[in-house]
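What follows is one structure encoded as structure tokens, with my remarks underneath.
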Amino acid sequence: GHAGTRISAILFLLRQRWRTSINRAAEAMTLFAVMCAGIYPLFHVGRPWRAYWLLPLPNADLGMWPNFKSPLLWDVFAVSTYATVSALFWYVGMIPDLATLRDRAKDKTRRYAYGLLALGWRGSARHWRHYEMAYLLLAGLSTPLVVSVHSIVSFDFAVSVIPGWHTTIFPPYFVAGAIFSGFAMVVTLMILARKVYHLEHLVTMRHLDNMCKVMLATGMIVGYAYSVEFFTAFFSGNPFERFVFVNRATGPYAWAVWIMVTCNVVAPQVFWFKKARNSIPIMFVVSILINVGMWFERFVIIVTSLHRDFLPSSWGYFRPTAVDVLTFLGSIGLFLTLFLLFVRFLPMIAMSEIKGVLGGAQAHKEGTR
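The number in our numbering is simply the position in the sequence shown, starting from 1, with 8 added.
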């Protein structure tokens, strides 16, 4: 779900008016997903109270200095920058709606809180001019940044010499996969929100149909990347690369590979048919399958490349422990909790943008200085 900011930014730059019903939820989804992902390094340190040692700060007392050649340090800069810009993009887009909530609040505490967040917004022509310029700049900044952050994360694997990881297709493969899983997650969340909060008049079948088409296109790109990986492994003549991919398809983790292929490549093909794109149950099931498939993709990339290395004596089989499973379930719970709090206290739909696309609406009224 880390591509929500890019989904919103690209649709904004392309002036796609149907984004207005999904952009806020997509941006929030990204922000909460990054927050959940940021917890994992703390867990894996073993001593979270010493996590500040990982920060790229010179520390003469500990004898540690940042290693700028390490891909893990690249991740720190890429992900932190991405999280900051995503938060700004999300927050700036909400300012007019926060002002609306401030003006309608009946509770003094809420009026003060929303007023503080609205930054004195009054809807004047000057305010709208600066707002639109800032939002456009953040959208333009977010788009290449999202491409770069997923490319840099893929370098964690691609710049290593481990068979199965050392491949140049990883950057575009990760970017396409992020858009693919991002739209799937947005569809999952918006179908649930549409039903629970009765938003059928705002999140229409047209919105869901468009998202299904994007999932179909990006799913085919991901499927192409899978096939190129296999082709390159055999075409390269490297016996170790060849062994890794044969082991993936026929070895002890073959079940995970074929679940991944089924969910990410086969399942989205139903969206060639308009009936499937107009069926809420089918869309919901396929979006869940895609999310499951993308989780298995990460599992396959990491586990199947490491469980059998160059020495047969060190081969093993990874079995997740109760701690692994509970940590994973806890991150899902944290994400859903944050999203539900967002829906409860902040506008899930961009009200100011919805007003701008309604027939006969005048979003930025003149003479309101």
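No residue lacks a Cβ here, since even glycine has one placed at the ideal position from N, Cα and C.
Predicted model only: the values in this text are computed from it and were never measured.
| Asked | Found |
| --- | --- |
| Give the DSSP-derived three-state secondary structure of residue 377 in the structure shown. | With a pLDDT of 39 at residue 377, under the threshold of 50, the predicted position of this residue should be treated as unreliable, though the coordinate-derived value follows. Of the three classes helix, strand and coil, the one that applies to residue 377 here is coil, per DSSP. |
| Quick check on residue 276: does DSSP put it in helix, strand or coil? | helix |
| Report back the beta-carbon spacing between residue 142 and residue 194 to the nearest angstrom; my notes put them in contact at under 8 Å. | Contact flag wrong, Cβ pair sits at about 24 Å. |
| By the DSSP assignment, the alpha helix (DSSP H) with residue 344 in it spans what residues? | 330-353 |
| Given a cut-off of 8 Å, decide if residue 125 and residue 106 are closer than it, judged by their beta-carbon atoms. | yes |
| Just the Cα atoms here: how many angstroms apart are residue 286 and residue 209? | 15 Å |
| Distance, Cα to Cα, residue 321 vs residue 153? | 43 Å |
| Measure the alpha-carbon distance for residue 404 versus residue 236 and round it to whole angstroms. | Because the chain is modelled from 9 through 377, residue 404 falls outside the range shown and cannot be assessed. |
| I need the DSSP call for residue 245, collapsed to helix, strand or coil. | coil |
| Measure the Cβ-Cβ separation of residue 36 and residue 347 and say whether it is below 8 Å. | yes |
| So, with DSSP's three-state summary, where would you put residue 209? | coil |
| Taking its Cβ as the centre, do 16 or more other Cβ atoms sit within 10 Å of residue 54, making it buried, or is it exposed? | exposed |
| When burial is assigned at 16 or more other CB atoms within 10 Å of the CB, is residue 213 buried or exposed? | exposed |
| Is the stretch 158-169 in contact with the stretch 78-89, if contact means three or more CB pairs nearer than 8 Å? | yes |
| Buried or exposed for residue 201, please, with buried defined as at least 16 other CB atoms from any protein chain shown within 10 angstroms of its CB. | buried |
| Which same chain residues, not among the five before or five after residue 49, have their C-beta less than 8 Å away from its C-beta? | 59, 62 |
| Along the alpha helix (DSSP H) that carries residue 157, what are the first and last residues, could you check? | 133-166 |
| Three or more C-beta pairs under 8 Å: does that hold for the stretch 300-320 against the stretch 256-271? | yes |
| Around the C-beta of residue 138, are 16 or more other C-beta atoms found within 10 angstroms, so that it is buried, or is it exposed? | exposed |
| Going by other Cβ atoms of all chains shown within 10 Å of its Cβ, with 16 needed for buried, is residue 261 buried or exposed? | buried |
| What does a CB cutoff of less than 7 Å around residue 16 pick up in its chain, not counting 5 residues either side in sequence? | 27, 31, 34, 35 |
| Which whole-angstrom value is the C-beta distance of residue 312 and residue 255, which I expect to be below 8 Å? | 7 Å |
| Using the C-alpha atoms, what's the distance from residue 223 back to residue 279? | 8 Å |
| For the putative contact between residue 355 and residue 102, defined by C-beta atoms under 8 Å, what is the C-beta separation to the nearest angstrom? | 7 Å |
| Have a look at residue 215 and residue 359 and give me their C-alpha separation to the nearest angstrom. | 16 Å |
| Could you tell me the alpha carbon to alpha carbon distance between residue 75 and residue 81, rounded to whole angstroms? | 7 Å |
| Please classify residue 206: is it buried, with 16 or more other beta-carbons within 10 angstroms of its beta-carbon, or exposed? | exposed |
| Give a yes or no on contact between the stretch 176-194 and the stretch 295-304, applying the rule of three or more CB pairs nearer than 8 Å. | yes |
| Assign residue 172 to one of two classes, buried (16 or more other C-beta atoms within 10 Å of its C-beta) or exposed (fewer than that). | buried |
| Is residue 306 helix, strand or coil by DSSP? | helix |
| Excluding sequence positions up to five away, which residues of its chain have a Cβ less than 7 Å from the Cβ of residue 218? | 26 |
| Just the Cα atoms here: how many angstroms apart are residue 14 and residue 41? | 14 Å |
| Could you check whether the Cβ of residue 262 sits closer than 7 Å to any heavy atom belonging to the ligand FAD? | Looking at this structure, you won't find the ligand FAD or any other ligand, since it has none at all. |
| What span of residues does the alpha helix (DSSP H) with residue 179 cover, start to end? | 178-204 |
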